[in-house]
Amino acid sequence: MVERTPILNFLTHLILFAGFVFCVTPFVIVAIAASHNLKDVNDVPMSLLPGSDFWVNIKTAWTTADLGPKLLNSFIMAFGVAAGKVIVSALTAFSIVYFRYPGRMLIFWLIFITLMLPLEVRIVPTYAVVANVLEPYQTIMDLTGLSWLIEKISGVQVQLSLGLLNSYSGLILPLVATATGTFLYRQFFLTVPDELTEAARMDGAGALRFFIDILLPLSRNNMAALGTIMFLWAWNQYLWPLLITTDQSHAMAVTELKQLIPNVGGAPEWHIAMAGTLIIMLPPLIVVVLMQRWFVRGLIATEK
Amino acid sequence: MASITIRGVKKNYAKTQVVHGVDLDFASGEFVVILGPSGCGKSTLLRMIAGLEEISDGTIAIDGTVVNKLEPRERGCAMVFQNYALYPHMSVAQNIGYSLKVAGVPSAERAQRIQAVARVLELEHLLDRKPMALSGGQRQRVAMGRAMIREPKVFLFDEPLSNLDAKLRVQMRSEIRKLHRRLSATSVFVTHDQVEAMTLADRLVVMNGGRVEQVGTPAEVYSRPASRFVATFVGAPSMNMLEGTVTLDGLSLLGDSRKLNVSRTGLPVGSKVAVGIRPEAVRMVAPGTPGALAATVDLIEELGAGRVIYVDLDGVPFSIVTSETVHPEPGSTVGLQFAESDLHFFSSETGGRLDVFKASVPEPAPATL
C-alpha cells in the first residue's frame, strides 16, 4: 500500500509493537529467571532485573540433564524428519501432479486422509507397528495360511520381527509419513507453467531429468520453508519420543527437560530449568534465523 | 531438412473432436504458416507434429518415417513457445545448451556450440544473465537459440511473436525469415496474425474449426480465397460481403433492392450466393454517377498513407480502403464502383468458392447496377 497516512502508520506500528511485546515477554522472563540464583528466583514477585548467575546456571543445566548427547539426538531426529519430508513429499507430489496412472486419485485421497489422522490420534497402532515393523506382513501371512504352508513344507516356523523401538529410524519414520509437505509441493507444482514441462520434453529430458534439473531447483524456496517448519515441528515433538525411547542413549532434549523441572519436595530450582529451556530453544532459533529469507519467500511468493 | 506428411490426422479430447481429418504435405525446407482464429486446432496440430499431443487418428510422417509413437526428442523437432518457456533458474547459456547437456555432449563442445548460436543471435554479451533480467525480444532470441542449437530437422513455432510489442514483432519477423533462409530447415509457424502469416509464409495453411480451408501461397490465398471464411479472415479490413440471389440476367443484391448485372454467372437461377469485394478494390465516385451504388459514410479511419472509410450500404456495413486524399463528411452520401473481375462469389450454403468466371471475360466489363 502506498497511502501516506501518518496517524494510521503510527497506529499500525503501535499495534505491531504491542504484539511484539506480548510475544517476547515470556522469553525475556525466562532469560531473566535463568540469570538468578536459587533465592532470587523464588522471590515473590521475582525481580525483573537480571541476576549475575547466568553462565553458572547454564553450566549446571547442561551437566545435570546431560544435554550434550540429548541435543545431538534431537538434532539427528529433527534433521532426519526434515530431510525425509523434503525428499519424500517432493517425490509424491511429483507423481501426483505429473503422471496419469490408474489409482492416482485413490492415492491422492489416501495421502489426504493422513492429514486428518495426525500421529497423536493413531499413536497406539503406530507404536504397535514400530515395535514390530513386519507385524502386518506376519498377519497377512497367517490369515492367508501362507505361514502354515511354509511350516508344513519346510518345517520352519515363520516369525517375522523387526523392532524399531529405541532407534533413530523408529523416531523418524512415523513422523515423516504425513501429508503436509506433499500438499505444499503440489500447490507449487501446479503453478509451474505447462510450457516449461513441454520445453523440457522437446529438449529431450525424461521425467526424472526434468524433476532433478528443472523442478527441484525451482522449488528451492518451498524446500527451505518445508524443511524449516518440519525441523521445528520435529524438534518440539514430545509424546512420540517419550513413548518409544526407553533407553537413555536415545532420549531427546525436549523430553529430558522434564529432568530439570523441580519435583515435589525437591529444591525449587527454577533458574536451572529456565537455563535448560534457553539452551534447548537455541537450535530452532538458529535454524529460523538462517532460513528466514528462503522460508518467507517459499510460503508467500509464487515467483518464477 | 525434412518433409512432413500429414494424413487424415484427427484429435479428440474425451468426446469432442477438435481436429477433423487433416491432410497436408510440407516440402523439405519450406516455411509453412498455419493461420486461423483461436480455437481452430492449429496449435493442436503443431503439438501433434511436435509429439506433445497424442494423435487420435491418422499418421504424421517426418522424412517418410511415421512418428506417431515417437517421443518428442526422437522426432528431430525443435519448438519455440509462445511464452518462451525459458528455464528461470538457468543462465542464458545453460538454457541454450540444456538439450545438449541432456544428450550428453561434452562440455567443451557444448560451450563452443553455445558460442556459435549466441553469435548468430547476437546474444554473446548476455550469456551469463538469467531470463528474468532480459527484455521480451532478448528472451525470444534465447528461445530461438535453444531451438537452433540442436540443429533440428524441423522448426516449430507456436505463436512466438504474440507477446512482443508491435515494433519488436516486425523486427523479429524479419529475423526469423533471415534465419530460415540461413538454416533452411523445414519450419511450421502457427499464428492468428494474418500480417505475420502473409509476410513469413512460403505457403499458407488457413484453418477453421479443425479443418483446413485453404492451402496456397499468400498471394493465392489473398487473390483467390477458397471459401467465404478465408475471404473474410485474410485481409484487413476484411472483405465486404453482400448476400445475393442469382436471377435471369444477373444478381439481385441486398434483398432485391439492387440489381447487379454480371455476365454469364453459369449458376442456376434462384441460388443464393455471397458476393465478396475487397475494400481495396472499391472505388469511390461522386454520388449519382451512373452505375454506382449509393452509400452513407459512417466513419473514417486515418492511416497516414491511406484511409479506411466505413459506409453503410442499405444497412450492410461496407468498408473502402483508398490512398486518395478524400475526406467525405460522415453522414454524406458517396457512390461506390468496382470491376466485375474483382468480385468473389461464394455459395451461401457451403461457403465454398464459386468460380463463375472460370474462362474469364478478357476485358472485364464494369459491373453496373
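First to last, the protein sequences are chains A and B. Taking the numbering used here, I'd label the letters of the first sequence as residues 1 to 304. Taking the numbering used here, I'd label the letters of the second sequence as residues 1001 to 1369. A virtual CB, placed ideally from N, CA and C, is assigned to each residue, including glycine.
* List the DSSP bridge partners of residue 1244(B). => In the second sequence, residue 1244(B) corresponds to position 244, counting from 1. Paired residues: 1253(B) and 1273(B).
* To do: For chain A, find out if any of its Cβ atoms is closer than 9 Å to the Cβ of residue 1093(B); answer yes or no.
  => Locating residue 1093(B) in the second sequence gives position 93, where the first residue counts as 1. When Cβ-Cβ separations below 9 Å define contact, residue 1093(B) makes no contact with chain A.
* To do: In angstroms with no decimal places, state the Cα-to-Cα distance between residue 294(A) and residue 124(A).
  => On the first sequence, position 294 is the one that residue 294(A) refers to. On the first sequence, position 124 is the one that residue 124(A) refers to. Straight-line Cα distance between these residues: approximately 37 Å.
* Asked: By the 10 Å Cβ neighbour count, where 16 or more other Cβ atoms means buried, how is residue 1194(B) classified, buried or exposed?
  -> Numbered from 1 along the second sequence, position 194 holds the residue referred to as residue 1194(B). When all chains shown are included, residue 1194(B) counts as buried.
* Asked: Based on Cα-Cα distance, which residue from 1138(B), 1239(B), 1335(B) and 1129(B) lies nearest to residue 1092(B)?
  -> Translated into positions along the second sequence, residue 1092(B) becomes position 92. It is 1129(B).
* Asked: In terms of residue numbering, what span does the alpha helix (DSSP H) encompassing residue 1236(B) cover?
  -> On the second sequence, position 236 is the one that residue 1236(B) refers to. No alpha helix (DSSP H) contains residue 1236(B), which DSSP labels as neither H nor E.
* To do: Could you tell me whether the Cβ of residue 1017(B) comes closer than 9 Å to any Cβ of chain A?
  => Counting from one through the second sequence, the residue named residue 1017(B) turns up at place 17. Answer no: the Cβ-Cβ gap between residue 1017(B) and chain A never drops below 9 Å.
* Unbroken alpha helix (DSSP H) run spanning residue 191(A), endpoints -> Position 191 of the first sequence holds residue 191(A). Counting along the chain, residue 191(A) sits inside the alpha helix (DSSP H) bounded by residues 180-191.
* To do: Can you give me the Cβ contacts of residue 1081(B) inside the same chain, cut-off strictly under 6 Å, excluding the 5 residues immediately before and after it?
  => Translated into positions along the second sequence, residue 1081(B) becomes position 81. When the five nearest sequence neighbours on each side are left out, the beta carbons in the same chain lying within less than 6 Å of the beta carbon of residue 1081(B) are those of 1158, in order along the chain.
* Helix, strand or coil: how does DSSP classify residue 213(A) here? -> Against the first sequence, residue 213(A) aligns to sequence position 213. Of the three classes helix, strand and coil, the one that applies to residue 213(A) here is helix, per DSSP.
* Would you kindly work out how many angstroms separate the C-alpha atoms of residue 1229(B) and residue 1048(B), rounded to a whole number? => Within the second sequence, numbered from 1, the residue matching residue 1229(B) stands at position 229. Within the second sequence, numbered from 1, the residue matching residue 1048(B) stands at position 48. Each residue's Cα considered, the two are about 25 Å apart.
* To do: Would you please state the rounded distance, in angstroms, between the beta carbons of residue 1055(B) and residue 1153(B)? I believe it to be under 8 Å.
  => To locate residue 1055(B), count along the second sequence from 1; it is residue 55. To locate residue 1153(B), count along the second sequence from 1; it is residue 153. Between residue 1153(B) and residue 1055(B) the Cβ distance is about 18 Å, and since that is not below 8 Å, they are no contact.
* To do: Let me know the secondary structure DSSP gives residue 1109(B) once reduced to three states.
  => Within the second sequence, the letter at position 109 stands for residue 1109(B). Secondary structure at residue 1109(B): helix, using DSSP grouped into helix, strand and coil.
* Tell me whether residue 1140(B) is buried or exposed, calling it buried when 16 or more other Cβ atoms sit within 10 Å of its Cβ. => Counted from its first residue, the second sequence places residue 1140(B) at position 140. Result: buried.
* If you draw a straight line from the alpha carbon of residue 1184(B) to that of residue 113(A), how long is it in whole angstroms? -> Within the second sequence, the letter at position 184 stands for residue 1184(B). Within the first sequence, the letter at position 113 stands for residue 113(A). Between residue 1184(B) and residue 113(A), the C-alpha separation is close to 57 Å.
* Could you name the residues of the same chain whose beta carbon sits closer than 7 Å to that of residue 981(B), not counting the 5 residues immediately before and after it, in chain order? => A question about residue 981(B) goes unanswered here, because the residues of chain B that appear run from 1001 up to 1369.
* What residues are listed by DSSP as bridge partners for residue 1077(B)? -> Sequence index remark: in the second sequence, residue 1077(B) carries index 77 (1-based). BP columns for residue 1077(B) point to 1154(B).
* Cβ distance (whole Å) where residue 205(A) is taken to contact residue 213(A) below 8 Å -> Residue mapping note: residue 205(A) aligns to position 205 of the first sequence, counting from 1. Residue mapping note: residue 213(A) aligns to position 213 of the first sequence, counting from 1. The beta-carbon distance between residue 205(A) and residue 213(A), rounded to whole angstroms, is 6 Å. This is short enough to meet the 8 Å contact definition.
* **Cβ-based neighbour list, residue 1071(B), same chain, cut-off 7 Å, excluding 5 preceding and 5 following** => Here residue 1071(B) is taken as the residue at index 71 of the second sequence, counted from 1. Closer than 7 Å at the Cβ level, and outside the excluded window around residue 1071(B), lie 1051.
* Grab the span of the beta strand (DSSP E) containing residue 1339(B) for me, first residue to last. => To locate residue 1339(B), count along the second sequence from 1; it is residue 339. Segment: none, residue 1339(B) is in no beta strand (DSSP E) and carries neither H nor E.
* Does the Cβ of residue 1060(B) lie closer than 8 Å to at least one heavy atom of the ligand GTP? -> Annotation note on the ligand GTP: not contained in the displayed structure, which lists no ligands.
* Helix, strand or coil at residue 1207(B) [DSSP, three-state] -> For the purposes of this step, residue 1207(B) is taken as residue 207 along the second sequence, with counting starting at 1. Note: residue 1207(B) maps to strand in three-state DSSP.
* Contact list for residue 214(A) against chain B, beta-carbon separation under 7 Å -> One-based indexing of the first sequence puts residue 214(A) at position 214. Chain B residues near residue 214(A): 1087.
* Asked: Short check: CB of residue 283(A) to CB of residue 273(A), under 9 Å?
  -> Stepping through the first sequence from its first residue, residue 283(A) is reached at position 283. Stepping through the first sequence from its first residue, residue 273(A) is reached at position 273. Residue 283(A) places its beta carbon 9 Å or farther from that of residue 273(A).
* Asked: Who are residue 1020(B)'s beta bridge partners in DSSP?
  -> Your numbering for residue 1020(B) matches position 20 in the second sequence. Bridge pairing for residue 1020(B): 1010(B) [DSSP].
* Asked: If we cut at 9 Å on Cβ distances, does residue 1172(B) have a partner in chain A?
  -> Along the second sequence, one-based indexing puts residue 1172(B) at 172. Answer no: the Cβ-Cβ gap between residue 1172(B) and chain A never drops below 9 Å.
* Asked: For residue 1012(B), which residues in chain A fall below 8 Å Cβ to Cβ?
  -> In the second sequence, residue 1012(B) corresponds to position 12, counting from 1. Result: empty, since nearest Cβ-Cβ is about 16 Å, beyond 8 Å.
* Terminal residues of the continuous alpha helix (DSSP H) containing residue 1220(B)? -> By 1-based counting over the second sequence, the position of residue 1220(B) is 220. Its alpha helix (DSSP H) spans residues 1218-1223.
* **Proximity test, Cβ basis, 9 Å: residue 90(A) and chain B** => Against the first sequence, residue 90(A) aligns to sequence position 90. By this cut-off, residue 90(A) is not an interface position.
* To do: Pick out whichever of 1011(B), 1057(B) and 1181(B) has its Cα sitting closest to the Cα of residue 1044(B).
  => Translated into positions along the second sequence, residue 1044(B) becomes position 44. Residue 1011(B) is the option with its Cα nearest to residue 1044(B).
* Asked: Roughly how many whole angstroms lie between the Cα atoms of residue 1290(B) and residue 1282(B)?
  -> Within the second sequence, the letter at position 290 stands for residue 1290(B). Within the second sequence, the letter at position 282 stands for residue 1282(B). Rounded to the nearest angstrom, the two C-alpha atoms are 15 Å apart.
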